[in-house]
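See below for the structure under consideration.
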Amino acid sequence: MIGGGGIRTPLVIFGINDIAQNLGIKEMALYDPDENRVQLMAALGRAIVAREGGSLKITVADKIESAVEGCDYIMNSIRVGGITSRAADELAAIKNNYPGQETTGPAGAAMALRTVPVVLEQARIVEKYAPEGWIVSFTNPAGLITQALSTHTNAKVVGICDTPTELMHHIARALGARHDEVHCEYIGLNHLGWIRKIHLRGEDITEKVLADDALLASFYHVPLFDGDMIRQLGLIPTEYLYFYYNRRKALEKQKMHGGSRGAEVEKLNEALLKTLDAELRAGSNQDAIATYAAYLNRRSGSYMRLEAKGGSAFDAEATFDEDPFRVASGYHKIAMDVITALSSESPSRIIVNTRNNGTLSDLDAADIIETPCQISRNSIIPEPLGRLPDEVKGLVHAVKSYERAAIKSAMTAAADQGNALSHPLARLIARKAFLLHPAIGDWEASDPLLHDLLDPTCIHC
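As structure tokens, then:
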């Protein structure tokens, strides 16, 4: 796992340990430039494996080459600049009167510009040291990063995100059905996707669902979308469409709160790391696991509260009371499902980020889309979907154009060992990317935005 010092690494370790025996997985190697963080996450991961009675060996590599060499699967989950950069990006966006969200709008663009050169370099190392290995990429913005990896390297790559599967589990729960009794037709890009059809036990119930405001609202952690809007679209949006369809409201709530989700997560992480370090040093492994589980519940329970309601992750009711390791869906579950499917002869239907290859006739074959696929051993085959609905076609095309420009800007700067702020041509291409992005779309605003997002002296400016 590249980015093994990430906060969610122990959750992923739990998931990999859960499938290790069936798949013959012996070892999970963690690599991260932050040695203290990765050692802490490894220690907690080992405690989780011991609690579960597993035999998965957790190691820490001092070099990325030794971490990935000979691996069958290379998970990539990095955040260039850490949570501090996320918080700064979101606050810079808010300062410039755009909603602050880590993967969409200005903050997502800044994340992409920083991340593309790094993941491309890492993928080339994988090509050399694990040429048969699959890169299973969590790294955000997931669709854009998968596009860069797929276009500019020869590595085998699949991008994953739990957002669509999470929505489908919410839909099944709201319908009082098992997940396997509900079949959803999903279209779009990462963090820009919609449910087009819902079948319950073989019956198309889409129109019934669209007519029920209370049912539609129950699909989300907090109420996000007006029922009339969803009916006019004829599509059920994933939660990230809130930052396109409700930009003014999201910005208003963030300004009212005086912060951003990233800034709150940064505080949660600081407290977690301090407590975990003390508990693990004292040998209180079970306490550390409980602390970590409580953190995951608070983080999940507070999701979208700030942007939709002006609430806070620190509100008393902003938490779940469940076992975060054994939830029906989530960050670690999608990784387990994809790796299991890629290791199996029997295909599984999973939504991933992969090449279009004719799935959506409106897009190029090489475009990365987020789509249901039949996945089996070394095979990812998207299900044919036809054309994009008129209601979302323009938005999808605009975001794909933005992605191409952002990738080109990042690569132009990296070729001269610079960045999009300091390299004149890369800066112009980045401003074009901002102009093309439907959640930004302003040439004059792009210049101060770039400065506030990418100038290293401008953290929390």
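In this note's numbering, the protein residues as written are 791 to 1251. The beta-carbon is built from N, C-alpha and C at its ideal position, and this holds for glycine as well. Note that the structure is a prediction, hence the values are computed from the model and not measured.
Taking the alpha-carbon positions, what's the residue i to residue j distance?
{"i": "V870", "j": "E922", "result": "26 Å"}
{"i": "A1200", "j": "D1206", "result": "10 Å"}
{"i": "I1158", "j": "G949", "result": "9 Å"}
{"i": "P1162", "j": "A1068", "result": "43 Å"}
{"i": "G992", "j": "V999", "result": "15 Å"}
{"i": "I803", "j": "V839", "result": "8 Å"}
{"i": "E911", "j": "T941", "result": "13 Å"}
{"i": "A1007", "j": "E975", "result": "19 Å"}
{"i": "L1058", "j": "A883", "result": "21 Å"}
{"i": "L1132", "j": "K946", "result": "12 Å"}
{"i": "T874", "j": "E1060", "result": "11 Å"}
{"i": "M831", "j": "G796", "result": "7 Å"}
{"i": "I1170", "j": "N826", "result": "37 Å"}
{"i": "A837", "j": "N1075", "result": "6 Å"}
{"i": "L1243", "j": "A878", "result": "7 Å"}
{"i": "A1156", "j": "N1143", "result": "12 Å"}
{"i": "V1012", "j": "E956", "result": "14 Å"}
{"i": "T1247", "j": "Y888", "result": "21 Å"}
{"i": "D1152", "j": "L1025", "result": "18 Å"}
{"i": "S1090", "j": "T1109", "result": "7 Å"}
{"i": "Q1044", "j": "D1245", "result": "23 Å"}
{"i": "Y1035", "j": "G860", "result": "45 Å"}
{"i": "A920", "j": "I809", "result": "21 Å"}
{"i": "D1232", "j": "E1042", "result": "20 Å"}
{"i": "P823", "j": "A851", "result": "10 Å"}
{"i": "T849", "j": "Y863", "result": "15 Å"}
{"i": "Y1093", "j": "D1077", "result": "25 Å"}
Starting from the Cα of residue i, find the closest Cα among the options and give me that residue.
{"i": "V908", "options": "G933, I868, I925", "result": "I868"}
{"i": "N1087", "options": "L1070, L801, G793", "result": "L801"}
{"i": "N930", "options": "G1101, T953, A840", "result": "T953"}
{"i": "R1190", "options": "E1054, E1160, R1167", "result": "Per the sequence shown, the amino acid found at residue 1190 is Lys instead of Arg. The candidate whose alpha carbon is nearest that of K1190 is E1160."}
{"i": "I985", "options": "E1193, V1182, I1230, A1004", "result": "V1182"}
{"i": "D1111", "options": "D994, L1025, A1080", "result": "A1080"}
{"i": "R1194", "options": "S1092, L934, H1047", "result": "L934"}
{"i": "S1136", "options": "R1167, L1153, T1144, A1156", "result": "R1167"}
{"i": "I1197", "options": "E1107, L1150, D1180, F1224", "result": "F1224"}
{"i": "V926", "options": "I1124, K853, D852", "result": "I1124"}
{"i": "G943", "options": "E917, I961, C951, K1099", "result": "Reading off the sequence, residue 943 comes out as Thr, not Gly. Closest option to T943, Cα to Cα, is E917."}
{"i": "P1228", "options": "C861, I792, S1102, T894", "result": "T894"}
{"i": "R1217", "options": "L1226, G1231, M865, H1241", "result": "H1241"}
{"i": "E1056", "options": "P1027, E892, R1038", "result": "E892"}
{"i": "D1003", "options": "R1021, K987, H1011", "result": "R1021"}
{"i": "H960", "options": "I988, N980, G1052", "result": "I988"}
{"i": "R904", "options": "G1049, G983, L1211", "result": "L1211"}
{"i": "T1130", "options": "A1106, N1147, L1150, I1165", "result": "I1165"}
{"i": "T1202", "options": "V906, E855, I792", "result": "V906"}
How should residue i be labelled, buried or exposed, when 16 other C-beta atoms within 10 angstroms of its C-beta is the threshold for buried?
{"i": "K1064", "result": "exposed"}
{"i": "F1009", "result": "buried"}
{"i": "K816", "result": "exposed"}
{"i": "G843", "result": "exposed"}
{"i": "D1018", "result": "exposed"}
{"i": "H1122", "result": "buried"}
{"i": "R765", "result": "This structure gives no information on residue 765, because the portion of the chain shown stretches from 791 to 1251."}
{"i": "W924", "result": "buried"}
{"i": "R1145", "result": "buried"}
{"i": "R1051", "result": "buried"}
{"i": "F1104", "result": "exposed"}
{"i": "Q811", "result": "exposed"}
{"i": "P1174", "result": "exposed"}
In the DSSP output, what is residue i paired with across the bridge?
{"i": "S927", "result": "N866, G949"}
{"i": "Q1164", "result": "R1139, I1171"}
{"i": "E975", "result": "K987"}
{"i": "G1176", "result": "L1150"}
{"i": "L1014", "result": "According to DSSP, which records beta bridges pairwise, L1014 is partnered with nothing at all."}
{"i": "L820", "result": "V850"}
{"i": "I1158", "result": "R1145"}
{"i": "I792", "result": "Y821, N866"}
{"i": "P954", "result": "Per DSSP, none; premise fails for P954."}
{"i": "E993", "result": "L990"}
{"i": "L982", "result": "L979"}
Is it true that the segment 1109 to 1124 meets the segment 892 to 899, where meeting means three or more beta-carbon pairs spaced less than 8 Å apart?
The segment 1109 to 1124, when compared against the segment 892 to 899, does not touch it at the 8 Å Cβ threshold.
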